[in-house]
Amino acid sequence: MVKIEILDQKDTRSGFGAGLLELGRRNPKVVGLCADLTGSLKMDAFKNEFPERFFQVGIAEANMIGLAAGLATGGQIPFTGTFANFSTGRVYDQIRQSVAYSGKNVKICASHAGLTLGEDGATHQILEDIGMMKMLPGMVVINPCDYNQTKAATIAIAEHVGPVYLRFGRPKWPVFTKPDQEFIIGKAWHINEGSDVSIFCTGHMVWKAIEAGEILANLGINADIINIHTIKPLDTEAVLRSVSKTGCVVTAEEHQMNGGLGDSISQVLALNHPAPLEMVAVKDSFGESGTPNELLVKYGLDTVNIVDAVQKVISRK
Amino acid sequence: MSEICPQMADKKSIQELNDIASQVRRDIVRMVHAVQSGHPGGSLGCTEFMVALYFEIMNYHPRPFNMSGEGEDVFILSNGHISPVFYSVMARAGIFEVSELATFRKINSRLQGHPATHEKLEGVRIASGSLGQGLSVATGIALSKKINGDTGFVYCLMGDGELQEGQNWEAIMFAAHNGVDNLIATVDFNGQQIDGSTKEIMGFEKIKDKFEAFGWITLDMQGNDIGNVIQTIRRAQELSGKGKPVMINMKTEMGYGVDFMMGSHEWHGIAPNNDQLASALGQLTETLGDY
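If you read the sequences in order, they're chains A and B. In terms of the numbering used here, the first sequence has 76 at position 76, counting the first letter as 1, and numbering is strictly consecutive. Take any residue in the second sequence, count from 1 to its spot, add 317: that is its number in the numbering used here.
So, in structure tokens, the structure goes:
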């Protein structure tokens, strides 16, 4: 198992904030919109440096999406910011009609996704957003794994013409990818070479997969660990190359099993290369209040759950 | 780029504009009849407004179509179900070929049941149909024009029943709070919606008072009197640029111009049969040649 160093502990939303500020300096077409969560989304720095390109829309997410569609029509590159729940479920029809179907260059940037939002509880812990967004034709769906990758992804999506859903989170989390990395939409990151099992992971669960990989290595199991930061378009080639070698798959994500990364991977496998698959994901359940780590443990999204899933899937080969 | 709106160079009389409106109404009933589906009532009611916008009021390049609308006035249709009048007026204004009206709602057409950008129909800047979204989009385009230093106006048309959608009030609040004063929003107050009169379904009295309370300038307009439409929108333009958006309360009659369709919600979304088509066409002079 390759050694992955923890460089720092930072929240992925701060990576978004840093990326947006840099984009603001680089590209005058970039504008920001926020629905009364500027501090939580870490959009303050952009707002302060570019007040004429920042729109506070109040607690009115539907209008925010429509405004963004209009700004994109006029040639701006709008980045909307609110919690993942209010970025997707609350405004699904606005995104569907005014953004996706209309082909607008809007970047929907969503913080506090998944269980690791923590104490606010299930009203805010959306676990269905990846599914909703990936079903929309033409929508790119990205869930970066740490601060540096989130910053790089934020900068990269401005160059992509078309709607993007960028999902990130609240808690401080290990930073382990390179600063100033190149981020290529749809190109998976091969973290560790292994031949016994493929682990496809996204978002905060990438660090858990790396921890699991170390435990598995001590058990004599070499995991092929691949970070799928872009859930759509999926790097099908990387998935198939890995499973051809390992013959079994575990997926890990902070999302419902239905509609998430595991669901996308299972589709690729079923259509191209049937292989045993175990999914580490939330099993058709809402979350609840608690600390991020307590929640990951309770809902089966901890390191040990990945280790268990790997042992189970290998036994099914 | 082509010159701004050739229609404008050739200034039309009220009679000429009404002649265009008559042809547009023929197009509407023929389009809806041909596929036995679509929304004639609201389309007929908004004909004068749409003709006035595209043949008298707006500065725009009919061709080539520029999505961003840079340097142009822009129109956003929020109540997308009145696509027949939108399509007919755009075709008659030279934005796309009049012959394409024959494809309305048919398979492989760019003239979808509700307007869409997806098939790349010139003149359409946003999909609409799911109600209540257009004013937000129009406000976003108006913001964009301000950022870009573009002096064009953004016009938005909404239905009255559509104001029952909460998103409109988010946009109404936002536009006033932010002084979006290059935005002229018109509400088609025909008093009808699918299940009956707006008064019965979800009455909103004093619509102008509501907009004024939110910080808008408001005007009344007789939507089926093209002279009054032009005069009122010109007045709205004069009132623009002073820190407030402008709302026009447009009184229309649903189905206007076809006697048996007038004044009832029943013709919101149904098509005339052969006899009804003949009767309707008998009331509408063919002025520019049917498609």
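Beta carbons are placed, not taken as given, at the ideal position from N, Cα and C, and that holds for glycine.
Check your understanding: Applying a beta-carbon distance threshold of less than 8 angstroms, which residues of chain E neighbour Leu-601 (chain B)?
Key -> The structure shown has no chain E; the protein chains it does contain are A and B.
**Study point:** Span separating the alpha-carbon of Glu-182 (chain A) from that of Asn-383 (chain B)
**Key:** Going by the C-alpha atoms only, they are around 34 angstroms apart.
Exercise for review: Step through the CB atoms of chain A and report whether any lies within less than 7 angstroms of the CB of Phe-491 (chain B).
Suggested key: By this cut-off, Phe-491 (chain B) is an interface position.
Review point. Applying a beta-carbon distance threshold of less than 8 angstroms, which residues of chain B neighbour Phe-55 (chain A)?
Key: The contacting residues are Leu-460, Asn-495.
**Study point:** alpha helix (DSSP H) segment containing Phe-55 (chain A), residue limits
**Key:** Premise fails: Phe-55 (chain A) lies in the beta strand (DSSP E), 54 to 56, not in any alpha helix (DSSP H).
Review point. Curious, which full-length beta strand (DSSP E) runs of at least 3 residues does the region 528 to 554 of chain B contain?
Key: Counting whole runs of 3 or more residues, the region 528 to 554 of chain B contains the beta strand (DSSP E) stretches 534 to 539.
Check your understanding: DSSP state of Met-132 (chain A), grouped into three classes?
Key -> Met-132 (chain A) falls in the helix class under three-state DSSP.
Practice item. Give the straight-line distance between the Cα atoms of Asn-499 (chain B) and Gly-558 (chain B), rounded to the nearest whole angstrom. Key: Our two residues, Asn-499 (chain B) and Gly-558 (chain B), have alpha carbons roughly 6 angstroms apart in a direct line.
**Study point:** Near-chain A residues of the region 380 to 391 of chain B - C-beta to any C-beta below 9 angstroms
**Key:** From the region 380 to 391 of chain B, only Met-384, Ser-385, Gly-386, Glu-387, Val-391 have a Cβ closer than 9 angstroms to chain A.
Exercise for review: Could you please give the first and the last residue of the uninterrupted alpha helix (DSSP H) stretch that includes Tyr-147 (chain A)?
Suggested key: Where Tyr-147 (chain A) is concerned, the enclosing alpha helix (DSSP H) stretches over 147 to 157.
Review point. Is Leu-295 (chain A) close to chain B, meaning its C-beta is less than 7 angstroms from at least one C-beta of that chain?
Key: Not flagged as an interface residue toward chain B: Leu-295 (chain A), since no C-beta distance is shorter than 7 angstroms.
Point to revise | Neighbour-count burial assignment, His-273 (chain A), 16 or more Cβ in a 10 Å radius | key: Result: exposed.
Check your understanding: With 7 angstroms set as the bound, which would you pick, yes or no: does the beta-carbon of Ile-412 (chain B) sit closer than that to a beta-carbon of chain A?
Key -> Ile-412 (chain B) does not count as touching chain A.
Practice item. Output the distance between the C-alpha atoms of Lys-317 (chain A) and Cys-248 (chain A), rounded to the nearest integer angstrom. Key: Each residue's Cα considered, the two are about 7 angstroms apart.
Point to revise | Against chain A: residues of the region 442 to 461 of chain B by CB proximity under 9 angstroms | key: So the close ones are Arg-442, Ile-443, Ala-444, Ser-445, Gly-446, Ser-447, Gly-449, Gln-450, Gly-451, Leu-452, Ser-453, Val-454, Ala-455, Thr-456, Gly-457, Ile-458, Ala-459, Leu-460, Ser-461.
Review point. Going along chain A in order, which residues have a C-beta closer than 7 angstroms to the C-beta of Thr-434 (chain B)?
Key: Within chain A, the residues Ser-102, Gly-103 have their CB atoms less than 7 angstroms from the CB of Thr-434 (chain B), given in chain order.
Review point. If you draw a straight line from the alpha carbon of His-112 (chain A) to that of Phe-168 (chain A), how long is it in whole angstroms?
Key: About 6 angstroms.
Point to revise | Asn-465 (chain B): contacting residues in chain A (beta-carbon distance under 9 angstroms) | key: Within chain A, the residues Gly-74, Gly-75, Gln-76 have their CB atoms less than 9 angstroms from the CB of Asn-465 (chain B), given in chain order.
Exercise for review: Put Arg-167 (chain A) into one of helix, strand or coil per three-state DSSP.
Suggested key: DSSP, reduced to helix, strand and coil, places Arg-167 (chain A) within a strand of the structure shown.
Practice item. List the endpoints of the continuous alpha helix (DSSP H) containing Trp-584 (chain B). Key: That residue, Trp-584 (chain B), is in no alpha helix (DSSP H); it is neither H nor E in DSSP.
Check your understanding: Among B:Glu-439, B:Glu-487, B:Trp-584, B:Ser-339, which residue has its Cα nearest to the Cα of Leu-452 (chain B)?
Key -> Taking Leu-452 (chain B) as reference, the option from B:Glu-439, B:Glu-487, B:Trp-584, B:Ser-339 with the minimal CA-CA separation is B:Glu-487.
Review point. Leu-37 (chain A) CB to nearest chain B CB: under 7 angstroms?
Key: Output row for Leu-37 (chain A): interface = no.
Check your understanding: For Lys-172 (chain A), which of helix, strand or coil comes out of DSSP?
Key -> Lys-172 (chain A): strand per DSSP, three-state reduction.
Point to revise | Ser-330 (chain B) - partner residues in DSSP beta bridges | key: Checking the DSSP bridge columns, you'll see Ser-330 (chain B) has no partner listed.
Review point. Is the Cβ of Met-318 (chain B) closer than 7 angstroms to any Cβ of chain A?
Key: Bear in mind that the predicted position of Met-318 (chain B) carries a pLDDT of just 38, short of 50, making it unreliable; the figure below should be weighed with that in mind. Not one chain A Cβ lies under 7 angstroms of Met-318 (chain B).
Exercise for review: Report the option in A:Gln-149, A:Gly-162, A:Glu-254 whose CA atom is closest to the CA atom of Ala-188 (chain A).
Suggested key: When C-alpha distances from Ala-188 (chain A) are compared across A:Gln-149, A:Gly-162, A:Glu-254, the shortest belongs to A:Gln-149.
Exercise for review: Measure the Cβ-Cβ separation of Ala-408 (chain B) and Glu-365 (chain B) and say whether it is below 7 angstroms.
Suggested key: The answer is no: Cβ separation not under 7 angstroms.
**Study point:** 7 angstroms Cβ cutoff met for Trp-173 (chain A) and His-204 (chain A)
**Key:** His-204 (chain A) is positioned such that its CB atom lies closer than 7 angstroms to that of Trp-173 (chain A).
Practice item. Within 10 angstroms of the Cβ of Arg-342 (chain B), are there 16 or more other Cβ atoms? Answer buried if so, exposed if not. Key: Burial check for Arg-342 (chain B): the Cβ neighbour count within 10 Å reaches 16 or more, so the residue is buried.
Review point. From the beta carbon of Ala-488 (chain B), is the nearest beta carbon of chain A less than 7 angstroms away?
Key: Chain A places a beta carbon closer than 7 angstroms to that of Ala-488 (chain B), counting this residue as a contact.
Point to revise | Spatial distance of Ile-226 (chain A) from Thr-177 (chain A) (CA atoms) | key: The alpha-carbon atoms of Ile-226 (chain A) and Thr-177 (chain A) are separated by roughly 13 angstroms.
Point to revise | Cβ contact check for the region 78 to 87 of chain A and the region 24 to 35 of chain A: 3 or more pairs under 8 angstroms | key: The region 24 to 35 of chain A and the region 78 to 87 of chain A touch, with three or more beta-carbon pairs separated by less than 8 angstroms.
Exercise for review: Indicate the three-state DSSP secondary structure (helix, strand or coil) for Asn-293 (chain A) in the structure shown.
Suggested key: Helix, per DSSP.
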